[in-house]
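Numbering (full-length UniProt numbering), first residue to last: 1 to 470.
Beta carbons are placed, not taken as given, at the ideal position from N, Cα and C, and that holds for glycine.
All of these numbers come straight from a predicted model, not from anything done at the bench.
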Ligand code: SF4
Ligand code: SF4
């Protein structure tokens, strides 16, 4: 778990030899973090209100008769800010993911784990919803510890039942929220409007995700960040000495030591009160330096600021800062690495923007049937045989017609196929293209064709037409 460029106060790194969530005898170390209070916590509460409102309202927002955001991984259909990305647009999806990853690298290099502390659904729900329910029902950290050690009396049964029932209800809400983003609210609401027996897979999905979220927030908790999440493990390679993080200013704090009344203080500003450790939801001591377990929740900033206030020292012993700011008293946010990532991101977004703007609603593949030759008709026209596939790249039904451009002639569909395209659907078949011989000057002619819906041209494409040599 060693992370390079760590903000560390001395050479003792023995704390890295063990995992804070596991005791010496290999058992789970259950954390009872104290309730955080302070400026940063209040900011996070307001931010949480905003982000949860956004999270719960977004599935109901529609744009062009479709959800603003949809991540239907089961059918490989995605809608990102109103842009439908179907199975044929895998390149668009790939490019979006690639630019998202570059953005993550850039963001993390500059702001460290700001995402983890403020916006990650795991931290937001765990610290701002489930933890709050726990404090409300079981009391503060000390009361929780006592309750867990107490025998199963009436009070314990009532409090534990109330807490886990509340956890279950919130887990159920989160499961519905997740499925609203995957399937859309219309699909999800069928379970309310129609008999459950007609939607067994959907109902099973809600139950399964409720169980997963309940397990996550009732039992897994901090270990979702410290053991499961891959993002936390990438921090070591994404951050550098200029990255902004929640950090302990060891230049100012060390050597640490208790406050003694009526004695001149020779130590640093850290009074070794352990309040920063007591509030930490992942059970670490920030004074050991940057650690993978730190989710930048800011609880230790508030705890330390409260102590600094009480003892009359300047606040900010733990604060948002960087290794360079602590040691060299200077920080450079725009480094070569940041500029490189920015350039790459601008390039990717430019390509992505161009591809979105130039994207057509349909994608047609029309190829001459393998092994087929031209047919000379008695009316001096030439016929070629083609196979075709038309893909619908939208989330709406399309009734296309195909027309020849710039040359007289006609298309005769074999078996009169129905060209109606379902949302993200595909239609295929065989078509004869008949062109008057006088319109063909050479053996190989490039024909231009267009796909229309009504009078709206959706796509233009070309194919090769073969005729006898003149
Ligand atoms: S060290 Fe501080 S910021 Fe990091 S997780 Fe613990 S309390 Fe939160
Ligand atoms: S809360 Fe501040 S003063 Fe107390 S131990 Fe932590 S860093 Fe030191």
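Cutting at 6 Å between CB atoms, please list the residues of its own chain near residue i, excluding the five before and the five after it.
i: residue 10; result: Unreliable positioning characterises residue 10 in this predicted model, as indicated by a pLDDT of 46, which lies under 50. The coordinate reading is nonetheless provided below. Closer than 6 Å at the Cβ level, and outside the excluded window around residue 10, lies no residue.
i: residue 86; result: 77, 393 and 424
i: residue 427; result: 390, 419 and 421
i: residue 457; result: 450
i: residue 313; result: 269
i: residue 67; result: 79 and 184
i: residue 366; result: 386, 388 and 463
i: residue 460; result: 450
i: residue 61; result: 68
i: residue 172; result: 210
i: residue 150; result: 156
Tell me where the alpha helix (DSSP H) around residue i begins and ends.
i: residue 31; result: No alpha helix (DSSP H) contains residue 31, which DSSP labels as neither H nor E.
i: residue 387; result: Run containing residue 387: none in the alpha helix (DSSP H); it sits in the beta strand (DSSP E), 381-392.
i: residue 200; result: 200-215
i: residue 252; result: 250-253
i: residue 147; result: 141-149
i: residue 137; result: 131-138
i: residue 101; result: 90-111
i: residue 308; result: 299-311
i: residue 233; result: 230-238
Going by C-alpha to C-alpha distance, which of the options sits closest to residue i?
i: residue 305; options: 276, 17 and 241; result: 276
i: residue 405; options: 288, 381, 365 and 463; result: 463
i: residue 378; options: 436, 411, 353 and 414; result: 436
i: residue 174; options: 163, 395, 344 and 211; result: 211
i: residue 65; options: 82, 171 and 403; result: 82
i: residue 245; options: 112, 146 and 396; result: 112
i: residue 108; options: 239, 90 and 27; result: 239
i: residue 434; options: 383, 154, 440 and 407; result: 383
i: residue 203; options: 331, 176 and 106; result: 176
i: residue 310; options: 19, 226 and 271; result: 271
i: residue 63; options: 395, 438 and 410; result: 395
i: residue 208; options: 412, 263, 233 and 168; result: 168
i: residue 162; options: 139, 88 and 260; result: 139
i: residue 230; options: 351, 188, 248 and 293; result: 293
i: residue 398; options: 24, 454, 166 and 267; result: 454
Could you give the DSSP three-state label for residue i: helix, strand or coil?
i: residue 8; result: For residue 8, the predicted model reports a pLDDT of 45, less than 50, meaning its position is unreliable; a value from the coordinates is still stated below. Coil, per DSSP.
i: residue 271; result: coil
i: residue 66; result: strand
i: residue 441; result: coil
i: residue 196; result: helix
i: residue 288; result: helix
i: residue 462; result: strand
i: residue 182; result: helix
i: residue 119; result: coil
i: residue 125; result: helix
i: residue 174; result: helix
i: residue 350; result: helix
i: residue 324; result: helix
i: residue 449; result: strand
i: residue 161; result: helix
i: residue 342; result: helix
i: residue 223; result: helix
i: residue 456; result: strand
i: residue 467; result: coil
i: residue 247; result: strand
Pop quiz: residue i and residue j are said to be a contact at Cβ under 8 Å. What is the actual Cβ separation, rounded to whole angstroms?
i: residue 141; j: residue 214; result: Wrong, their Cβ atoms sit about 22 Å apart, outside the cutoff.
i: residue 430; j: residue 385; result: 7 Å
i: residue 179; j: residue 348; result: With 8 Å as the limit, residue 179 and residue 348 do not qualify as a contact, their Cβ atoms being about 31 Å apart.
i: residue 327; j: residue 264; result: With a Cβ gap of about 27 Å, residue 327 and residue 264 do not count as contacting.
i: residue 445; j: residue 432; result: So it is not a contact: roughly 16 Å between Cβ atoms.
Residue i lies in the beta strand (DSSP E); which residues open and close that run?
i: residue 436; result: 426-436
i: residue 320; result: 318-321
i: residue 78; result: 77-80
i: residue 410; result: 410-413
i: residue 471; result: Residue 471 cannot be examined here, being either before or after the span of the chain that is shown, 1 to 470.
Looking only at its chain, what residues have a beta carbon closer than 7 Å to the beta carbon of residue i, apart from the 5 residues adjacent to it on each side?
i: residue 199; result: 190 and 191
i: residue 6; result: Low confidence applies here, because residue 6 scores a pLDDT of 44, under 50, leaving its location unreliable; read the following figure in that light. The residues are 289 and 290.
i: residue 469; result: 443
i: residue 127; result: 281 and 297
i: residue 4; result: Since pLDDT at residue 4 reaches only 41, below the 50 mark, its modelled position is unreliable, and no value is offered.
i: residue 273; result: 307
i: residue 8; result: For residue 8, the pLDDT reaches just 45, beneath the cut-off of 50, and the residue's location in the model is therefore unreliable, leaving the point undetermined.
i: residue 56; result: 177
Note down, in chain order, each residue of its chain lying with its Cβ closer than 8 Å to the Cβ of residue i, except the 5 sequence neighbours on either side.
i: residue 228; result: 220
i: residue 72; result: 78, 182, 183 and 184
i: residue 415; result: 429 and 430
i: residue 41; result: 298, 299 and 302
i: residue 345; result: 99, 102, 103 and 106
i: residue 481; result: Only positions 1 to 470 of the chain appear in the structure, and residue 481 is not among them; the question remains open.
Do we get a CB-CB distance below 8 Å when we pair residue i with the residues of chain D?
i: residue 312; result: Here there is only one protein chain, and chain D is not present.
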